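Engineer: The structure follows.
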Amino acid sequence: MVKELNDSVTYWVKADYNKSGLAQDASPVRALQSAFRKLAKRWTKRFDDMADKLAAKFANAALVNSDVSLSTAFKDIGVTVQFKMTEPMNNALQAVIAENVNLIKSIPEQYLTQVETLVMQSAGRGRDLGYLADELQKRYGITKRRAALIARDQNNKATSVMQVARQTSLGITEGIWHHSHAGKVPRPSHVKANGTKFDLSKGLLLDGEWLLPGEAINCRCTWSAVIPGLN
Ligand SMILES: [Zn+2]
4 MVKELNDSVT
14 YWVKADYNKS
24 GLAQDASPVR
34 ALQSAFRKLA
44 KRWTKRFDDM
54 ADKLAAKFAN
64 AALVNSDVSL
74 STAFKDIGVT
84 VQFKMTEPMN
94 NALQAVIAEN
104 VNLIKSIPEQ
114 YLTQVETLVM
124 QSAGRGRDLG
134 YLADELQKRY
144 GITKRRAALI
154 ARDQNNKATS
164 VMQVARQTSL
174 GITEGIWHHS
184 HAGKVPRPSH
194 VKANGTKFDL
204 SKGLLLDGEW
214 LLPGEAINCR
224 CTWSAVIPGL
234 N
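First residue of the sequence shown? That's 4 in our numbering, and the numbers climb one at a time after it.
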């Protein structure tokens, strides 16, 4: 959708920018702005509609994934557990959905605000379409990277939050931190935390912050549940 958004804006700019008569007088610039805002409004609505559906789907997938991995851990020790939706789990799920919706909505918001500024500045200064097209391409790159970071980060965070809620509702209170060894630049504190037992309600105090595995940005650490009476 970020690509579609950028294609649509780029198409509009190419078709309308030169028609605006640039900085010759104020009204074409204003007409350009009002036309851009109409386009922006349409895209904001499309993202808004998509955000609610996508966030719910995403949070449910995180829930299913964490249940599958926990159920495997139990199966390995010969125990079958029934997973029911508990109130803390539902609260965690709703919190994940709400945060996700806001982040998804912020993607077109930031992009469209930046592009509007760019278009208006270019028009006001009489810059040519080539300059504007280059700048748009840069904004597209930034937006795409930001969307990817949000998706990755939310996925790790949602998995952590749902796992804590699920494990807590099964009477599990502790976990053992596992460093992922996946990142190119691992955080030394996370490497050191590998194998450390921690309280699920608190996490570990790393670099001055109480964190669960997967909670810090780009953190791919995980944990295994300490099953009472077994570990
Ligand atoms: Zn980590």
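Think of the CB as a built atom: it goes at the ideal place given N, C-alpha and C, for glycine as much as any other residue.
What you are looking at is a predicted structure, and each value in this text was computed from that prediction instead of being measured.
For Leu152 and Gly198, I'd like the C-alpha separation in whole angstroms.
Structural biologist: For the purposes of this step, residue 152 is taken as the residue at position 149 of the sequence shown. For the purposes of this step, residue 198 is taken as the residue at position 195 of the sequence shown. If I take the Cα positions, the gap works out to 27 Å.
Engineer: Could you tell me which of Ser204, Val188, Leu8, Gln124 sits nearest to Leu42, measuring between CA atoms?
Structural biologist: Indexing the sequence shown from 1 puts residue 42 at position 39. That would be Leu8, whose Cα lies nearest to the Cα of Leu42.
Engineer: What do you get for Cys208, buried or exposed, if any count of 16 or more other CB atoms within 10 angstroms of its CB means buried?
Structural biologist: As a first step, residue 208 must be located in the sequence shown, where it is residue number 205. The identity of residue 208 in the sequence shown is Leu, whereas the question assumes Cys. Label assigned to Leu208: exposed.
Engineer: So for Ala26, helix, strand or coil by DSSP?
Structural biologist: Here the question's residue 26 lines up with position 23 in the sequence shown. Model confidence at Ala26 stands at a pLDDT of 46, short of 50, so the residue's coordinates are unreliable; what they give is reported in the following sentence. It is helical.
Engineer: How big is the Cα-Cα spacing for Gly81 and Val167?
Structural biologist: Here residue 81 corresponds to residue number 78 of the sequence shown, with the count starting at 1. Here residue 167 corresponds to residue number 164 of the sequence shown, with the count starting at 1. Answer to the nearest angstrom: the Cα atoms are 22 Å apart.
Engineer: Is Pro191 near ligand 1, with its Cβ less than 7 Å from a heavy atom?
Structural biologist: Position 188 of the sequence shown, counted from the start, is the residue given in the question as residue 191. Pro191 Cβ: outside cutoff for every heavy atom of ligand 1.
Engineer: What I want to know is whether the C-beta of Pro111 ends up closer than 7 Å to one or more non-hydrogen atoms of ligand 1.
Structural biologist: Taking the first residue of the sequence shown as position 1, residue 111 is located at position 108. No, the beta carbon of Pro111 sits no closer than 7 Å to any heavy atom of ligand 1.
Engineer: Would you check if the distance between the CB atom of Ile110 and the CB atom of Arg155 is smaller than 8 Å?
Structural biologist: On the sequence shown, residue 110 is found 107 positions in, with the first residue counted as 1. On the sequence shown, residue 155 is found 152 positions in, with the first residue counted as 1. No, the pair does not count as a contact, with Cβ atoms beyond the cut-off.
Engineer: Cutting at 6 Å between CB atoms, please list the residues of its own chain near Ser163, excluding the five before and the five after it.
Structural biologist: Within the sequence shown, numbered from 1, the residue matching residue 163 stands at position 160. Answer for Ser163: Leu215, Gly217, Glu218, listed in chain order.
Engineer: Give the DSSP-derived three-state secondary structure of Gly144 in the structure shown.
Structural biologist: Taking the first residue of the sequence shown as position 1, residue 144 is located at position 141. Note: Gly144 maps to helix in three-state DSSP.
Engineer: Pull up the distance between the alpha-carbon of Leu57 and that of Ser69, whole angstroms please.
Structural biologist: Mapped onto the sequence shown, residue 57 falls at position 54. Mapped onto the sequence shown, residue 69 falls at position 66. Rounded to whole angstroms, Leu57 to Ser69 spans 18 Å at the Cα level.
Engineer: Val67 to Asn93, Cα distance in whole Å?
Structural biologist: Locating residue 67 in the sequence shown gives position 64, where the first residue counts as 1. Locating residue 93 in the sequence shown gives position 90, where the first residue counts as 1. Near 13 Å, if we compare the C-alpha coordinates of Asn93 and Val67.
Engineer: Hey, would you say Thr225 sits closer than 8 Å to His181, going by beta carbons?
Structural biologist: The residue labelled residue 225 in the question sits at position 222 within the sequence shown. The residue labelled residue 181 in the question sits at position 178 within the sequence shown. Yes, Cβ-Cβ distance for Thr225 and His181 is below 8 Å.
Engineer: Could you work out which residue in Phe50, Gly144, Asp202, Gly186 is closest to Ile220 when comparing CA atoms only?
Structural biologist: To locate residue 220, count along the sequence shown from 1; it is residue 217. Ranking Phe50, Gly144, Asp202, Gly186 by Cα distance to Ile220 puts Gly186 first.
Engineer: If Ala62 sits next to Val99, beta carbons under 8 Å apart, how far is it from one beta carbon to the other, in whole angstroms?
Structural biologist: The residue labelled residue 62 in the question sits at position 59 within the sequence shown. The residue labelled residue 99 in the question sits at position 96 within the sequence shown. About 4 Å; that satisfies the 8 Å criterion.
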